[in-house]
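FYI, in numbering that gives the first Met the number 0 the residues of the sequence shown are 0 to 332. Each residue gets a CB set at the ideal place from its N, CA and C atoms; glycine is no exception. If you're wondering where the values come from, they're calculated on a predicted model, not measured in any experiment.
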Amino acid sequence: MPTMPDTWDDVDRQIAAVLQIAGRASWGAVARFLDLPERTVARRGQRLIDLGVIKVSTYLDAITAYAARSVVVRLRAASGQARAVAASVAERADASSVSILEGSRQVVALLILSDQARVATVLLDELPAIPGVVSSESTTVLRPYRSGYDWMATGVISAGVRAEVEAEILGALDDGTGPVSGLTEADERLIALLAEDGRMPATRLAEQLGLKTGAVRRRIEQLIATGTLRVRAEVRPSLFGLHVEAMAWLRVPPSRVDDLGRRLAESGSVRFCSATTGEFQLMVDVLARDEHELLEFLAQTVGSVDGARTGEVELVLAPVRRGPLSINVGEFA
């Protein structure tokens, strides 16, 4: 396995930025977008993937396809048990994001649950039974403004390159239809393979599924175009020089929630933002270069909305899971 370099350069960041837009783009296409040698792009890009800095995956959008429920849970762990609790939650198939925070409620997770009955079982029975959990609280996501998978670094590639990637890769997939209903057994197997490796070529997928390459390629395009299957390229923010991550819970007048939520979702500093039930009206995951930039963001963005107040802010000590990207709980970069 390649060794993690001390620093990354602009080429690494540009490759990652393109993959955030089009995670299944070939190395040749990425090289063409960036006007770089394909061999360089392939070598650098594969190194980023091999080191776990980038994880490309696909996932079934259960919220769109099956009206699943998104729930944010905050768990208080016994002394010295935060890492173990976070690791246990991160292993769950329904965990979309898991973090260890400073403060008393150390573990925060976003869970995607199939229905209300499942929500009750998880919150009342399964989470309290995790060894090391002292107490828990939960809120329901009422409206997602940014979901994590759609966060993209800003200022890394030009607006022209971004537009070219979106037009060529994404534009070709946009057929304007709704989610695919009635997934077949072959679909389920295809989705499972792509969840492990979102960049697996159609030829390899076809071999494992016993299908023709053309049929597999067309089905992937259909599933993505209809929003049933989403490609997610999760990148460690430190690659882009973003070394501080924080969770903020905001109190916002009901009439201003949607306005502020949409405004926050447009910011390159916001990885996740949703309206929730509970004491706070908005939950935001913020990325910044340092603590000063974090404070400046909260003051200028949240403070610009009349009546909006920052209720709680806690730094992320360790991001344990970000979609398909699992991070060792001992790593803090």
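What did DSSP end up calling residue i once you bin it into helix, strand or coil?
i              : result
tryptophan 248 : strand
valine 10      : helix
leucine 50     : coil
threonine 39   : helix
leucine 182    : coil
valine 155     : coil
glycine 147    : coil
arginine 23    : coil
glycine 310    : strand
glutamate 265  : coil
alanine 66     : coil
alanine 77     : coil
Of the residues the options, which one's Cα is nearest the Cα of residue i?
i              : options                        : result
arginine 117   : Ala67, Val97, Ala30, Asp258    : Ala67
isoleucine 326 : Ser98, Ala214, Ser69           : Ser98
glycine 310    : Met246, Ser268, Pro253         : Met246
leucine 182    : Met199, Thr227, Val88, Thr202  : Thr227
isoleucine 20  : Val72, Leu109, Ala158, Thr276  : Ala158
glutamate 244  : Gly209, Arg250, Pro236         : Pro236
arginine 12    : Ile156, Gln221, Arg38          : Ile156
arginine 320   : Ser95, Gly306, Arg42, Val251   : Ser95
glutamine 280  : Ala185, Asp196, Arg142         : Arg142
threonine 39   : Asp196, Asp9, Val107, Ala81    : Asp9
alanine 152    : Val17, Gln299, Met282, Gln105  : Val17
alanine 92     : Leu112, Ala83, Val29, Val107   : Leu112
leucine 59     : Val164, Leu126, Thr225, Asp305 : Thr225
glutamate 220  : Lys54, Val283, Ala41, Arg23    : Arg23
glutamate 290  : His242, Thr6, Ser69            : His242
alanine 119    : Ser69, Ile168, Glu167, Val107  : Ser69
valine 372     : Glu195, Asp284, Thr202         : A question about residue 372 goes unanswered here, because the residues of the chain that appear run from 0 up to 332.
aspartate 186  : Ala128, Ala166, Gly209, Glu167 : Gly209
Verify whether the separation of the beta carbon atoms of residue i and residue j is less than 8 angstroms.
i              : j             : result
alanine 33     : valine 160    : It should be noted that the sequence gives leucine, not alanine, for residue 33. Their beta carbons are under 8 angstroms apart, which means leucine 33 touches valine 160 by this criterion.
glycine 240    : arginine 288  : yes
leucine 192    : glutamine 207 : yes
serine 137     : valine 71     : yes
serine 273     : valine 140    : yes
valine 301     : leucine 222   : no
glycine 102    : glutamate 313 : yes
arginine 270   : leucine 286   : yes
glycine 267    : serine 56     : no
valine 414     : leucine 109   : A question about residue 414 goes unanswered here, because the residues of the chain that appear run from 0 up to 332.
leucine 189    : arginine 218  : yes
alanine 81     : glutamine 115 : no
valine 251     : alanine 307   : yes
proline 365    : alanine 30    : Because the chain in this structure spans residues 0 to 332, residue 365 falls outside the shown range and cannot be described.
alanine 15     : isoleucine 53 : yes
methionine 282 : threonine 275 : yes
Uninterrupted beta strand (DSSP E) stretches inside the segment 195-257 (no shorter than 3 residues): Segments of the beta strand (DSSP E) lying fully in the segment 195-257: 228-234, 243-250.
Segments of 4+ residues assigned as alpha helix (DSSP H) that fall wholly inside the segment 267-304: Complete alpha helix (DSSP H) runs here, min 4: 290-296.
Entirely enclosed beta strand (DSSP E) segments - the segment 85-134, minimum 3 residues: For the segment 85-134, whole beta strand (DSSP E) runs of length 3 or above, ordered along the chain, are 94-100, 106-112.
Segment contact flag, the segment 146-155 with the segment 226-241, C-beta cutoff 8 angstroms, min 3 pairs: Contact between the segment 146-155 and the segment 226-241 is present: 3 or more CB-CB pairs across the two stretches fall below 8 angstroms.
Cβ contact (3+ pairs, closer than 8 angstroms) linking the segment 130-143 and the segment 72-81: The segment 130-143 makes contact with the segment 72-81, as at least three CB pairs between them are under 8 angstroms.
Sufficient close CB pairs (3 or more, under 8 angstroms) joining the segment 81-101 to the segment 45-54: Short answer: they don't touch.
Segment contact flag, the segment 254-265 with the segment 206-224, C-beta cutoff 8 angstroms, min 3 pairs: No: the two stretches stay apart, fewer than three of their Cβ pairs being nearer than 8 angstroms.
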